[in-house]
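Numbering of the sequence shown is given in the numbering used here, commencing with residue 28 and proceeding in unit increments.
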Amino acid sequence: MDRTWLWHRHPKQSLPSTTTTVMDVPGHFESVARTAVAALSDLADLVTDNLDQLNLTSTYTTAAIFVFTLLISRYLLFRPLSSPAVPAFHGPTRAQAGGPVLLVIAHPDDECMFFAPTLLALHAQSVPVHILCLSTGNADGLGAQRVQELVRSAKVLHIPSDRVHYVDSPDLQDGMRTEWPAREVIRHVRDTVNQLGVSNIITFDDAGVSGHANHIAISRALQIDPDLAPITWHLHSVPRLAKYAMLFVRADTLRDATAPDPMKWWLLGETGARLGRGEHLDVWRVVARPAQVQRAQLAMQQHASQLVWYRKAFMRVARYFVVNELVKMSSSRSSRGAARVVTAGNVNVGGSRGARLDQGNRTV
28 MDRTWLWHRH PKQSLPSTTT TVMDVPGHFE SVARTAVAAL SDLADLVTDN LDQLNLTSTY
88 TTAAIFVFTL LISRYLLFRP LSSPAVPAFH GPTRAQAGGP VLLVIAHPDD ECMFFAPTLL
148 ALHAQSVPVH ILCLSTGNAD GLGAQRVQEL VRSAKVLHIP SDRVHYVDSP DLQDGMRTEW
208 PAREVIRHVR DTVNQLGVSN IITFDDAGVS GHANHIAISR ALQIDPDLAP ITWHLHSVPR
268 LAKYAMLFVR ADTLRDATAP DPMKWWLLGE TGARLGRGEH LDVWRVVARP AQVQRAQLAM
328 QQHASQLVWY RKAFMRVARY FVVNELVKMS SSRSSRGAAR VVTAGNVNVG GSRGARLDQG
388 NRTV
């Protein structure tokens, strides 16, 4: 077994103080805003898929559409309002959570680039979280440094070093086109789940957020053996254009976050759902407020070896620093009901109900 368990001391990180603000949408703009976002996203995909016919470069086209979309969405979607009081969230205690949550990622920095809102929400409810990173990110020979960066980033996200685990295997090496054997992915995940008594797994979906082959390999491997943990959640990959626009947070998501009577829904697991409305939920949305976005960005800054210019830009515009939408394995996104959002401390947590899942049949 070539997994290393880490213990590491780090200097204390300070966070800038931030006043929490909430954005909302006037009712008569809401349908227009949604239509505009969908249309612009489809336009981006259409143009980038037909660059040869248009005689345009991918870089200039994407940049132009991105800037145009930001301007339109800022005008249509958002206007600042005074921040209401944050309602209390009455979720289950740590003892009721049913075991720790395991985040399975491919590379150091995945935890903060894509999953930070979820990790911060779980911390707010005192749910223990472990990270299993299936490679050291050694594509450029910086594996040892990147592992230490992962530990520092995790600490910023309230995950201590003894809950950060990584794999350094010749079969699981970092590479955009490197195929990972499903049996190796399953073996390491199963060993970790059994050792820790994991109740929920969180990982990528089939699109891998960025389309990275290693991300996709994890998702597909866990679908081969869906019984590795009681419940597995996939991070939903949004369309290309929306991925790079923090402003594409759904208007109704932000509005419902400030509802005076939030639904008492727990973030993950059937036990928590029963403590709320007695419903089986198959989609969860987590929306981080400004202070949490800053913490996620601080976590990304711990990955000094990766802070090239485009990743610095990614930190400022990426939707995943603000919103995570988790879909339960085997659930159908097309069948789910309208999502709502509640507030857990300073992190907004939402859920939606789809078709009730048959717990005896978890094939994909």
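Where is the CB? At the ideal position from N, CA and C, for every residue including glycine. A quick note: this is a predicted structure, and the numbers were derived from the prediction, not measured.
Decide yes or no for the touch test of the segment 211-219 against the segment 191-199: beta carbon pairs closer than 8 Å, at least 3 of them.
-> The answer is yes - the segment 191-199 touches the segment 211-219, with three or more Cβ pairs under 8 Å.
Work out the CA separation of L325 and V174 for me, nearest whole Å.
-> The residue you call residue 174 lines up with position 147 of the sequence shown. The residue you call residue 325 lines up with position 298 of the sequence shown. Each residue's Cα considered, the two are about 17 Å apart.
Taking the Cβ atom as the reference point for each residue, do I229 and R190 lie within a distance shorter than 8 Å?
-> In the sequence shown, counting from the first residue as 1, residue 229 sits at position 202. In the sequence shown, counting from the first residue as 1, residue 190 sits at position 163. In this structure, I229 sits away from R190, with a CB-CB distance that is not shorter than 8 Å.
Is the beta carbon of F341 less than 8 Å from the beta carbon of L262?
-> As a working mapping, residue 341 is identified with position 314 in the sequence shown. As a working mapping, residue 262 is identified with position 235 in the sequence shown. Judged by beta-carbon spacing, L262 lies beyond the 8 Å limit of F341, meaning their Cβ atoms are not closer than that value.
Option in T219, E206, E352 and G170 with minimal Cα separation from H239 = Start at 1 with the first residue of the sequence shown, and residue 239 comes out as number 212. Nearest C-alpha to H239: E206.
How many Å lie between V344 and L129 at the Cα?
-> Indexing the sequence shown from 1 puts residue 344 at position 317. Indexing the sequence shown from 1 puts residue 129 at position 102. Between V344 and L129, the C-alpha separation is close to 27 Å.
At which residues does the beta strand (DSSP E) containing E352 begin and terminate?
-> Locating residue 352 in the sequence shown gives position 325, where the first residue counts as 1. That run of the beta strand (DSSP E) goes V350 to K355.
Nearest-angstrom Cα distance between S226 and L169?
-> The sequence position of residue 226 within the sequence shown is 199, counting from 1. The sequence position of residue 169 within the sequence shown is 142, counting from 1. About 33 Å.
What residues are listed by DSSP as bridge partners for H150?
-> Looking up residue 150 in the sequence shown gives position 123. Bridge partners of H150: none, in fact.
Check the C-beta distance from L255 over to V220 and give it rounded, since I have them as a contact under 8 Å.
-> Locating residue 255 in the sequence shown gives position 228, counting from the first residue. Locating residue 220 in the sequence shown gives position 193, counting from the first residue. Yes, L255 and V220 are in contact; Cβ-Cβ is about 6 Å, under 8 Å.
With W260 as the anchor, note down where its beta strand (DSSP E) starts and where it stops.
-> To locate residue 260, count along the sequence shown from 1; it is residue 233. First-last of the beta strand (DSSP E) with W260: I258 to L262.
Would you kindly check if the distance between the Cβ of W260 and the Cβ of K355 is under 8 Å?
-> Residue 355 sits at position 328 when you count from the first residue of the sequence shown. Residue 260 sits at position 233 when you count from the first residue of the sequence shown. The Cβ atoms of K355 and W260 sit closer than 8 Å to each other.
From R267 to N351, what distance separates their C-alpha atoms?
-> Position 240 of the sequence shown, counted from the start, is the residue given in the question as residue 267. Position 324 of the sequence shown, counted from the start, is the residue given in the question as residue 351. Roughly 15 Å separates the two Cα atoms.
Assign M203 to buried or exposed, taking buried as 16 or more other Cβ atoms, counted over all protein chains shown, within 10 Å of its Cβ.
-> Counting from one through the sequence shown, the residue named residue 203 turns up at place 176. Exposed is the call here.
With a 10 Å radius around its C-beta and 16 neighbouring C-beta atoms as the bar for buried, classify V335 as buried or exposed.
-> Position 308 of the sequence shown, counting from 1, holds the residue named residue 335. Label assigned to V335: exposed.
Hey, quick one: how far does the beta strand (DSSP E) through T219 stretch, first residue to last?
-> Walking along the sequence shown from the start, residue 219 turns up at place 192. Careful: T219 lies outside any beta strand (DSSP E), inside the alpha helix (DSSP H) at A209 to L223.
Per-residue DSSP class, three states only, for L177 = Taking the first residue of the sequence shown as 1, we reach residue 177 at position 150. DSSP places L177 in helix when its eight states are reduced to three.
State the start and end residues of the unbroken alpha helix (DSSP H) segment that holds Y193.
-> On the sequence shown, position 166 is the one that residue 193 refers to. Note, Y193: premise wrong, no alpha helix (DSSP H); beta strand (DSSP E) at V191 to V194.
Taking L161 and I245 to be in contact with their CB atoms under 8 Å, please state how far apart those CB atoms are, rounded to whole angstroms.
-> Residue mapping note: residue 161 aligns to position 134 of the sequence shown, counting from 1. Residue mapping note: residue 245 aligns to position 218 of the sequence shown, counting from 1. Rounded, the Cβ-Cβ distance is 7 Å, consistent with contact.
Exposure label - A151; buried when at least 16 CB within 10 Å | Within the sequence shown, the letter at position 124 stands for residue 151. With 16 or more neighbouring CB atoms inside 10 Å of its own CB, A151 falls in the buried class.
Assumed close pair L184, L146 - CB separation to whole angstroms, cut-off 8 Å | One-based indexing of the sequence shown puts residue 184 at position 157. One-based indexing of the sequence shown puts residue 146 at position 119. About 5 Å separates the two Cβ atoms, so the contact holds.
Candidates V216, V154 and K270, of which the one nearest A248 by Cα = As a working mapping, residue 248 is identified with position 221 in the sequence shown. When only C-alpha atoms are compared, the closest one is V216.
Label G224 either buried or exposed according to how many other C-beta atoms from any shown protein chain fall within 10 Å of its C-beta, with 16 as the threshold for buried.
-> Working through the sequence shown from its first residue, we reach residue 224 at position 197. Exposed.
Hey, how far is the Cα of V320 from the Cα of D252?
-> Mapped onto the sequence shown, residue 320 falls at position 293. Mapped onto the sequence shown, residue 252 falls at position 225. Near 34 Å, if we compare the C-alpha coordinates of D252 and V320.
Does the distance from the C-beta atom of A143 to that of A331 stay below 8 Å?
-> Counting from one through the sequence shown, the residue named residue 143 turns up at place 116. Counting from one through the sequence shown, the residue named residue 331 turns up at place 304. Using a Cβ distance threshold of 8 Å, A143 and A331 do not count as a contacting pair.
If we ignore side chains and look at the alpha-carbon of each, how far apart do Y193 and T163 end up?
-> By one-based count along the sequence shown, residue 193 stands at place 166. By one-based count along the sequence shown, residue 163 stands at place 136. A straight-line Cα-Cα distance of about 7 Å links Y193 and T163.
With 16 other Cβ atoms within 10 Å as the buried cut-off, status of A284 = Indexing the sequence shown from 1 puts residue 284 at position 257. The pLDDT assigned to A284 is 49, lower than 50, so where the model puts this residue is not dependable, and the model offers no usable value.
Which one or two residues does DSSP pair with H134 in a beta bridge?
-> Taking the first residue of the sequence shown as 1, we reach residue 134 at position 107. Answer is none; H134 lacks a bridge partner.
Between the Cα of I186 and those of A133, A315, C139 and N165, spot the shortest distance and give me the residue it belongs to.
-> On the sequence shown, residue 186 is found 159 positions in, with the first residue counted as 1. The closest CA to that of I186, considering only A133, A315, C139 and N165, is found on C139.
Out of curiosity, what's the CA-to-CA distance linking V156 and S188?
-> By one-based count along the sequence shown, residue 156 stands at place 129. By one-based count along the sequence shown, residue 188 stands at place 161. One C-alpha to the other measures close to 11 Å.
Confirm, please, whether the CB-CB distance from A234 to R346 is below 8 Å.
-> As a working note, residue 346 is residue 319 in the sequence shown. As a working note, residue 234 is residue 207 in the sequence shown. Cβ distance not < 8 Å, so R346 and A234 don't count as in contact.
Less than 8 Å separating the beta-carbons of A133 and N241?
-> Stepping through the sequence shown from its first residue, residue 133 is reached at position 106. Stepping through the sequence shown from its first residue, residue 241 is reached at position 214. Going by beta carbons, A133 and N241 fall inside the 8 Å limit.
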